[in-house]
Structures are given as C-alpha cells and as structure tokens.
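Just so you know, the sequences run in chain order C, X and V. Residue numbers for the first sequence follow our numbering, beginning at 48 and rising by one. Residue numbers for the second sequence follow our numbering, beginning at -7 and rising by one. Residue numbers for the third sequence follow our numbering, beginning at 6 and rising by one. Glycine is no exception: its CB is placed at the ideal position from the N, C-alpha and C atoms. Note that the structure is predicted; figures quoted are calculated from it, not measured. Presented below is the structure to which this report refers.
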Amino acid sequence: MFGLNQKDKSTLIVVAALTLLAPFILNPFPEGSALAQFNAGYPDLMQRFVIFGIFAIGFNILFGLTGYLSFGHAAFLGVGSYSAVWMFKLVGMNVLPAITLSVIVAGLFALLIGFVSLRRSGIYFSILTLAFAQMSFNLAYSVLTPITNGETGLQLTLNDPRVLGQSATADGSIPVTNLLPGLEMRSTYVLDAGPWLFQFNLGYYLCALLLLVAFYVSIRIFRSPFGMMLRAVKSNQQRMNYTGLNTRPYTLAAFVISGMYAGLAGGLMASMDPLAGAERMQWTASGEVVLMTILGGAGTLIGPVLGAGFIKYFENIFSKINDNVLHGWFAILPDGIEDFLVFVVHPFIGKGWHLTLGILFMLVVIYLPGGLVEGGQRIGKYFKRGSDDAQSNDASTKPAE
Amino acid sequence: MDAILLQILNGLDKGSAYALIALGLTLIFGTLGVVNFAHGALFMIGAFCAVTVQRIFNISFETIDPSQKDFLGNPLKVKTTYLEHWFGPEMGGSIIDWSVPLAILFAIPVMVAVGFIMERGLIKHFYKRPHADQILVTFGLAIVLQEIIKYFYGANPIPTGAPEVFRGSFDFGVLIGFDPNAIIYPYWRLVYFGFAALIISSVFAFLQFTTFGMVVRAGMADRETVGLLGININKRFTIMFGIAAAVAGLAGVMYAPINSPNYHMGMDFLVLSFVVVVVGGMGSLPGAVLAGFLLGVLESFASMNEIKSILPGIDQIIIYVVAIIILLTRPRGLMGRKGVMEE
Amino acid sequence: MGILEVKNVGKRFGGLQALGNVNLSVAENSVHAIIGPNGAGKSTLLNCFVGKLIPDTGSVMFDGQSVLGRKPFEINQMGISRVFQTPEIFGDLSVMENMMIPCFAKRDGAFEMNALSSVSSQRDIHEKAEQMLVDMNMADKRHMNAASLSRGDKRRLEIGMCLSQDPRLLLLDEPTAGMARADTNNTIDLLKQIKEERDITIAIIEHDMHVVFSLAERITVLAQGTPLVEDTPDNIKGHPKVREAYLGETAAA
C-alpha cells in the first residue's frame, strides 16, 4: 500500500489513528472533573498541533536530512499566511485556492532565499537565513505596510472585493472561511457522551488530512534516493562532490520543499483564523520550530510531529496552571510544604512556560540529542535488555534512521 | 557636512555596543571554537546589573516627619534611602545619581562569575560537538537567562538614568566650528563611545602585551600546536570566556541609560552582533570592531530622511543587506582569516 | 597521446611557486606513480586534476577535453574518481548506502529529483552495489555504519565506491598513508587485483617506495614543483638525481 515498507506503513497508520481520533484521545477526562484541565481536545488547540506538526515535518526535511540549520523558516510561514489572507480578501473565502497560493508563494520565496543562503554552509548558512528572516520581518513591519498592514496585522474587512464571493454576508458581517459553500471551517459537531464532551471540527479535520498527506510525502522523501543524497550531504559534502554529485540543487530542493511545508502551515493558520501578523515571522518563531524538531528527534520521521504536539500541548497546559491550581494539587500536604512547593513550581508555570521550555530544550540537546524518539528507544532497549541480555549488542549495527 | 558628521556621531554609540558584543563573540569563537548564542543575554544581564545597583541604592526606610503635613493634615511619611541616611543627603544623593557608572564595579565580578559558570558548567562539554549543537544549546540558555530576568524584573523596560551631569545634550558643532545647533549630541553617548574605546583598547593591549594574551593569540591561530607545547590552554580559555562575558556585561551596564533595559534586549542585539561578526570576519578581533562601528554608522546614515525618501525602509534592513552582500562576495568577511569555519 | 595530458602547468601561492612547469602524460591502462619529497607539489598537482585548484598557467586534458574550470563533480562525471589520503566516506550512512550513492551518481548524473521513488525498488543499483561489496570482500559488513569500520576497511570501501562508477582514471592520493604494514600490503594486493581485472588507468601519488615499486609501470619524480625525471621503476631506482632529491645525498656520495 502506498509504496511503503511494513514499518513505515505502521508508522503512518499510527499517526493517522492519532490525528483522526484526536478529539477522543485528547479529551480523556470528563467535563467538570478536576482533571478536565488536562484535556486538549478543543478545535483551536488541535488545529495548532497539526499545523505546527506540518511546519516541523517540513523543517525536518531540511535540517534532519541535510543538517543545514535554518534560523529563518518562520519567514515562509508568515509569507504563507499573508498570501492566504490576501486570497480571502480578493477572491473569496474558500480555503483551497488560498492554501494552494500559500504553498506556491512560500516555495518561490524559499527558492529565492535558498538560492542565496545555500552558497554558504554551516554557521554562515544559519546566519544568512536569520538575516533574511529578520529582514522580511522588519520590512513587513515598515515599508511593506500596504501589503502586510504593519503592526496591526492583515485582517479581513467588509470592504474587501472578494470577486468570487461576497464582501459581506446578508446580516452585514465578514464572511467566514469555508471548504465548500456552506461547509464552514469553524463548524463543529459536538458529541455528548455522558459526562464526556467530544468536538469534531471541520477545520481540524482538513488540517489533519493535510498533515497525513504531508507526513506521507515526508516518508517517501526519506526513503527515496533523493533523501539518501540529502543524508549524504549531511555526512560528507566533499565525498559527494568527488562522486559526481552536485550538492547545490539537492540542498536547494530540500530547502524549497521545507519552505513549501512552512507555507502550507501558514496558509492553514490563516484558513482557521483569517489574519496574519508580522510576529509570525520573527526569529523566535523560527527558533520554535527548531525546538520542536530537536525535541522530537531531528532526522527521524515521527520526531517532529511528536515535538510539535509536545510543545504545543504543554504550552497550553502550563500556561493555564496558576497558583490556585497548584494549591489545589498540593492541598493534601501540610501547609508549610504546600506553600513551599507552590513557591518552587511557580516560576515554571503560567507566564513562566518559556523558562520551562528553555530548560527542557537545553536538557534535550545535552543529554538526548536524538530527542524524544531516542529517549523512547533507550527506554525500549533498557526493558529489552532486562528480558534478554544477550541480544543487546546488535542495535548499534543498525543503520541510523 | 554637518549632517554627515551628525550621523557618524549617532552611529557611534550603537556601533560601540555592536563592537563590544562582537568582540566578545569573536574572542569566544576564536579561542574556544564555540558559537555562543547566549552572548546577547550576557549583554542584557549587564544592563540589569545597572538596574539592580540602582534599586539597591534606592532601598529606603520610612519615617514620619511631623513638620510636614500631607493634604489631609496628617504627618507626612517620608522615604529616606539608607545611603542618604548613612552618608548625608548630599553624598548619598550623588552616589545614587552615579549608580550606573558605579554598577561597573558590581558588574565585573558578577559577569566574570557568570562567564566562568557558563563555561565550566555548560560550554566546556560542547567543544567537540557540532556547531549546530552549540548554537542550539546556547540558544536554549539564552531563553532561560532572559526568562529568569523577566521573572525577577518583569517584562517592561526599566528606565535607568545616567548621572545628572551627563543628562542632556551639548552643541558639538560649535566646538568644531559649525553653526550653533547643527550638531546636538547627548553627553552620555559620548561617554559611552569613550568607554567602549577604552574597553576595546584594553582588550587589545591585554592580548598584545601580556604573556597570557600572547598564548591566547597563539591558541587562536593554532590551538593544537599550543596544546602540544604543554601549555594548559583550557584554563586560559576559561579566563577568556570570563573576560568576554565581562566585556559584554560592561557594554550592557553603560547602555542602560541609552535604552531602558528589557529582558529581550539581548536577543535583539545578538542577531545584529552575529551579523557584525560575520561581516568583520569570523575569528578576527579587529574585524569585529571595525564592522561594529561600520554597521552602526551605516545604520544611522540609512535612517536619515533624505535616504529614506529614496529607499523607503532601508534603515530597517541595511545591516542585513550589507551582511548578505559581504557573505556572498567575501565569504571570509572584511578581515577574516583563511581556514576559519570553512568546510 | 595519454589519457591524461598535463602541459606546462604552473601554480603560485603568494610568493611560493608550488608548481613550476609540469609536463606529464599518463598512458591509458597504465599505473603511473608521481613521487617526490614533502612539499614537492604532488598534492597541488593532483588538486589541479580534480577541479579543486585551477593552475595559473598550462592545460590539463582528460581524454582530449580540458578539465580546467570544471567543478569536481563535473570532472568526476567525465570519468575521474579520486581516493583521498584519509578515507572520505559517508560516515553516518551504512556501508551498503555508501556503495549505492556512486551507483546512483553514475546512472542518474549529478542531480536527479527522484524524491518520490523508493531506494528499495532500484534493483539495478542494489545489484551493482552488492556485487561491488562482494568484490571488495565487505558483503558481511553491509549493514554497518561506515564510520565504525576499521581504517583498512574504510579504505577498501572508498576504493570500491570509486570503482563502482567504472571510472576511466582512478586517482589515488597516498592510499597507504598512516597504515600498518599488513594493511598496506592488503591495499597493494587489492590495487594489483583491480589492475588485472579492469581496464582502468591509475595515477597514484605516494610516499612509500615499497608501494610505488610494487605497482607502478611509470614513475614521475617531482621536486620543488617540477618533474625531475620520468621513467620505468627500474631505471628510477638507480637514478642519481632521484637519490639526490629524495635522500639529500650528493651525487658524489
């Protein structure tokens, strides 16, 4: 099926099951229970999981395979968002043409930036991409205001032409994004199962479907001769050149593909919520996708998806927790200890989420350069060794994935 | 002519900050071979040293002054700082007024300590790791450091004043024979420039004229050979890291009155300083300084109205444009050496 | 007319004349060694053949076409493969993958956007790589990470990778540098075997006289950037100029 081997097929099926059943999986706790705060099955949060998943999968094609560390990928995401919003303003509220345009524009933009940046490698490449992204960000804030609407961000208005749609709905409000006329992105079916509440949102399922396509394409790329060449670029460029291979078009192709993934993510973001701001292009946003990829496991297939889900989930949970919640958790402890624990944990929650994230990131780079995937493998190996000591040596001879 | 001079002067203070940060980055890169994304955070910590000292100096106690009444007729509560209490209002007041320059004394040990801890605790383990890992771990560290500062000092910029004497501006143009009011220049910026020049020349003098500096320079040129001579280069490099941290920190302390410190100022400066290092030439100390001032001045020229009206937005991107052109035409930067960071 | 014709090649680095006026002709299907003391310009000369350096003067023709100004990958596609002094292989990839990459380069050229086909479906590449692994006596190591191979095996792998492209000219840059005696002898045997089994021209730069005299059919002695003599191994052995350049002996001694 799909030209995949057994192992990749099961990976794809697992990811498919996780994304399609996410409304159930992410809402395991009954409404109103104390644990309901750990639920994440809300449309906008689930959308964020998969959109950033797509972003990270694309970034991984560049960084994971070729080792070229781009610090400017958020620029492509931003460009994708702007293109989609312009599509909504000028043409109509259907998301498919908007997303298509996002991918194309981001791809072209990546071609331009990649063509220049890839003339250098290593840290120079990182700094060039960073410089380009910062430049785009600064321009979006200043001179390009007619296109980007500067600090306010690009939004829909009642005066937009929307030649294939309507400027305003019958009741005088701005129309909403849709898949087909009548199939609105925001439409959500709520399943009431006793105390449980499951939400099925059309926008989420569109994103999820595109994530699966994106993931599938990324598996194919990983297993293709092209993907092997990209790994060879990372391993030894000198040997590549003396083996008659031109590294430039390989890296450029990888760069453009990953830029298009970022554009897709940006287009989807705008399709779910039709606005676009320059802050999406800031280099801290580029840093975030680097983080997701590393945290999950750069160069592995599923790592970036895990990383994106992990970071977005904990961002949401940690940001919601406050001192009251903490006091609730530690209530069974004696007062002194309770206050002390709350005091200790306090800096890491709520607005302190970024602190937690930074620490986590450092720990991963220091102790677990392979990210969560490697962590999982180590744990798996540990248990295997427990049951069967003799076979533990042969893992090292397996080709790196 | 006066307009050009004004822009050069205006560019000097920013250029000084770029040069100081880039100098530290280059020292660390040249000696340890580490790309330090947390260097901007050191600059930021320096600026917050100034904030801290100012706050410490302003710690006060309340007394009730029966001779004064508030508008309800109650005796007025008066805050008196301990410094004024101990040293008398005049002496104490001027100590408080001079808190930013005095913060240098506080910042040096703090920054050197921070530098040592960073190098021994973290960076040391990354010498042999790929540059990408170094970038990533120091990027993580930069986030952590700025979040810690944010936790203690909040997210808003904290105005930190220069001493009274240096507030305000003077007419620089008159001094060199231009019309009055042609070149108005704030005192503190001149102080900052002088300070930066002092620090930069001390670092160069230190490297040039001491045995320690000689070994470090030799190590920058060829680490392995120096190691073979039986010189413990690592210990010296740790010290260099401390010095680089102190340079960045001092740049931050003195910058506090120019730009009220906020927790993300380090990141803002870092991106630009990296560009500066690349333009100057990775591993070249004179290159870093030259490029720092050059880009600072260029940036200030680009923000002239005459130029902005021809090329709108050029002030926002000039540094990046220059960096891109330099990297593509002179990959080694203005003064880079062969063999540094070339695959 | 040799397969590789070097005419009047000169190269200067600043004040240093690295190559003076080099003329050299490597005959097809021969083993030609270039020897000389340290700093004689051997590596500089080799780098001029593969596109790493462009000489200031002169021409380098491979099979009637100039290689000057072409990039390394283009020169490789013309039929020149290079083995490095320290083995350059894809350390992060498996031995099998290492062997497949040159096969792809031979079949598909310098760039092929085959992002959606699958490596495992490329039967011809698999067969060719597998055959080469068997030839190199490394078939049992095919799943190992190339970085974990021994020094000698890395060298075999690199030579195998070059051969899998069926090059017309194989350039070897001190292939036994830093090797133990046993590994050196294995490499000599391997190269002899390659010579016997294939129609291939080998140009070898070497320091180790044992290697040179075991393999070479013609030898060019380079000293201070210019060829001193070119002759058969037997004649070279007794040549007074060579002894002088090499051993620092005066002709009288």
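Mind checking who residue i pairs with in its DSSP beta bridge?
i	result
PHE162(X)	TYR177(X)
ASP57(X)	LEU68(X)
HIS37(V)	ALA208(V) and ARG223(V)
ARG278(C)	In DSSP, ARG278(C) forms no bridge with anything.
MET66(V)	GLU10(V) and SER71(V)
Would you say residue i lies against chain C (beta-carbon separation less than 7 Å)?
i	result
ILE106(V)	yes
PRO304(X)	yes
GLY132(X)	yes
ALA315(X)	yes
GLY84(V)	no
ILE135(X)	yes
LEU319(X)	yes
ASP2(V)	With chain V running from 6 to 258 in the structure shown, residue 2(V) is simply not present.
ASP97(V)	yes
GLU93(V)	yes
Report the rounded CA-to-CA distance for residue i versus residue j, giving the unit in angstroms.
i	j	result
VAL31(V)	ARG223(V)	9 Å
GLY157(V)	VAL106(X)	47 Å
GLY354(C)	LEU348(C)	11 Å
SER339(X)	ILE316(X)	Residue 339(X) is absent from the model: chain X starts at -7 and stops at 335.
THR62(V)	LEU50(V)	12 Å
ARG75(V)	ASN28(V)	20 Å
VAL65(V)	GLY96(V)	32 Å
MET206(X)	GLN200(X)	6 Å
GLN46(X)	GLY85(X)	12 Å
PHE76(C)	GLN246(C)	13 Å
PRO193(C)	ALA174(X)	35 Å
PRO228(C)	LEU65(C)	29 Å
GLU334(X)	SER276(X)	Because GLU334(X) carries a pLDDT of 46, less than 50, the predicted location of this residue cannot be relied on, and no value is offered for it.
ALA228(V)	GLU33(V)	25 Å
LEU238(C)	TYR251(C)	15 Å
LEU242(X)	GLY80(X)	29 Å
GLU249(V)	GLY84(V)	36 Å
ASN297(X)	LEU205(C)	36 Å
ASN26(V)	THR231(V)	6 Å
LEU326(X)	VAL372(C)	56 Å
ARG112(V)	MET307(C)	29 Å
GLY305(X)	PHE102(C)	29 Å
THR206(V)	ARG87(V)	12 Å
GLY119(C)	ILE160(C)	10 Å
Is the shortest distance between the beta-carbon of residue i and the beta-carbons of chain V less than 7 Å?
i	result
GLY50(C)	yes
TYR236(C)	no
ASN440(C)	Reliability of the predicted coordinates at ASN440(C) is poor, the pLDDT of 43 falling under 50, and no value is obtained from them.
MET275(C)	yes
LEU292(C)	yes
The alpha helix (DSSP H) spanning residue i covers which residue range?
i	result
THR44(X)	31 to 49
TYR89(C)	TYR89(C) -> no alpha helix (DSSP H), and no H or E assigned at all.
ASP370(C)	370 to 376
TYR119(X)	Unbroken run through TYR119(X): none, as it is neither H nor E.
MET339(C)	330 to 343
Compare the C-beta of residue i against all C-beta atoms of chain X and say whether one is closer than 7 Å.
i	result
PHE172(C)	no
ASN185(C)	yes
VAL412(C)	yes
ARG286(C)	no
First and last residue of the beta strand (DSSP E) that includes residue i?
i	result
LYS16(V)	9 to 18
ASP386(C)	No beta strand (DSSP E) contains ASP386(C), which is instead part of the alpha helix (DSSP H) from 382 to 392.
GLN285(C)	Counting along the chain, GLN285(C) falls outside any beta strand (DSSP E), though it belongs to the alpha helix (DSSP H) covering 284 to 288.
Taking only beta-carbon atoms, is residue i less than 7 Å away from chain A?
i	result
ARG95(C)	Here the protein chains are C, X and V, and chain A is not one of them.
Report yes or no: do three or more beta-carbon pairs, one from the region 217 to 230 of chain C and one from the region 138 to 149 of chain C, lie closer than 8 Å? yes
Segment contact flag, the region 85 to 99 of chain X with the region 2 to 20 of chain X, C-beta cutoff 8 Å, min 3 pairs: no
Inter-stretch contact (C-beta, 8 Å, three-pair minimum) for the region 317 to 324 of chain C and the region 109 to 122 of chain X: no
Is the region 172 to 183 of chain C touching the region 134 to 145 of chain X in the sense that three or more CB pairs, one from each, lie closer than 8 Å? no
With three or more C-beta pairs closer than 8 Å as the rule, is the region 150 to 160 of chain X touching the region 246 to 261 of chain X? yes
Would you check if there are 3 or more beta carbon pairs closer than 8 Å linking the region 25 to 40 of chain X to the region 56 to 73 of chain X? Between the region 25 to 40 of chain X and the region 56 to 73 of chain X there are fewer than three inter-stretch CB-CB distances shorter than 8 Å, so the stretches are not counted as touching.
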